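Worksheet for the structure shown next.
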Amino acid sequence: MHIHRITAVLLAAAALAAGPARAQSLQGSPASIERMYRQARAHDLTFYRTASGVRGAARDGDLVRLSGNEDYRLSGVSQPYALAITRTFVQRLAEQYHDECDERLVITSAVRPRSVRLVNSTELTVHPTGMAVDIRRPAARRCLAWLRNRLSYLEGEGVLEATEERRPPHFHVAVFPGPYRRYIGRDESGPSTERRTAARPAAPARPRSSTYRVREGDSLWTIARRHNLTVERLRTVNDMRSTRIVAGQVLIIPTR
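Quick note, the sequence shown lines up with residues -23 to -1, 1 to 233 if you use mature numbering (1 follows the signal peptide of the UniProt record, and there is no 0).
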């Protein structure tokens, strides 16, 4: 009994650590599905069963709305909610994609409760947790190549698992909460690898936003004052229904 518990704890710790992986092909595999599922369990994520459960989680702040912006839009998304860290991933990736391709990234699915499981999905799908999104496959060859390379790089960093699906053509991306938070923390602490690899030197600069990780003792009011913003502005940009924040949460800080 004790041995099984110790084994479970060690597996969870290994999943949370995640570490850089080998080069990826985005082809998907049973092992890939297992990695996503282990991450969901290691982070103790809720697998929402119904649409009403999803809406309740959004009201409680456990899920956040994907509203779209100048860098990405939604298409046919019935439940436009995800984990806050997944939304941060979407916003960052979409900003880079817009810089590269001069078009918006398209999100075609976010949280999907178990009650609406698709015919071709697996029992271990992590869509019910809000950690995954589906991204429409770009039509332009250059943009498709960029997106494949970017997702392969991030998968190699051990911060997500991505699979290129054929029917319909899209990328299924599951963001690993702990590893991705640590990754963007490294990215913000020095010259941005993400920016260097994704930027297009000839592109004109556009007004941008930055991110801030909430610390113990922070309040939305103190963060707003520190960045010369109003609380209402912060709530609007981050699509927050209340002023409740928790340590480790990543907020979007507008710079315009």
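Cβ coordinates follow ideal geometry from the N, Cα and C atoms, glycine included.
Remember, it's a predicted structure, so these values are computed and weren't measured experimentally.
Query, Result
"Q4, buried or exposed, once every other Cβ within 10 Å from all chains shown has been counted against 16", "exposed"
"Run of the beta strand (DSSP E) containing I229, from where it starts to where it stops", "V227 to P231"
"A116 versus W123: straight-line alpha-carbon distance, rounded", "12 Å"
"CA nearest to the CA of R36, picked from T220, R210, Y74 and L137", "T220"
"Buried versus exposed call for G135 [16 or more other C-beta atoms within 10 Å across all chains shown]", "buried"
"I222 (DSSP reduced to helix, strand or coil)", "coil"
"Coil, strand or helix - S92 by DSSP", "helix"
"Beta-carbon gap between T140 and A17 smaller than 8 Å", "no"
"Close Cβ partners of V110 (< 7 Å) along its chain, the five nearest in sequence each way excluded", "A59, T63, V67, I84, S86, A87 and V150"
"Nearest candidate by alpha-carbon position, reference P90, set D76, L131, F148 and G30", "G30"
"C-alpha gap between R163 and E138, whole angstroms", "19 Å"
"For R23, the nearest candidate out of E142, V191, T207 and L101 (CA to CA)", "First, the amino acid is wrong: residue 23 is Thr here, not Arg. Per the Cα distances, L101."
"Backbone CA spacing between N215 and R127 [nearest angstrom]", "24 Å"
"Separation of L40 from residue 279, as counted between CA atoms", "No answer is possible for residue 279: the residues shown for the chain start at -23 and end at 233."
"For T140, three-class secondary structure by DSSP", "strand"
"L211 and A224 closer than 8 Å at C-beta", "no"
"Spatial distance of R159 from E132 (CA atoms)", "14 Å"
"Beta bridge counterpart(s) of V83 as assigned by DSSP", "R50"
"Whole-angstrom distance between Y189 and T199, CA atom to CA atom", "12 Å"
"G53 to T207 span [Cα, whole Å]", "33 Å"
"Buried versus exposed, by CB contacts within 10 Å (16 or more), T65", "buried"
"CB contact flag (A19, Q226, <8 Å)", "no"
"Where the beta strand (DSSP E) through D111 begins and ends", "A109 to R113"
"H149: first and last residue of the uninterrupted beta strand (DSSP E) it sits in", "H147 to V152"
"Closest residue to residue 264 among R26, L121 and Y74 (Cα-Cα distance)", "The question about residue 264 has no answer, for the chain in this structure spans -23 to 233."
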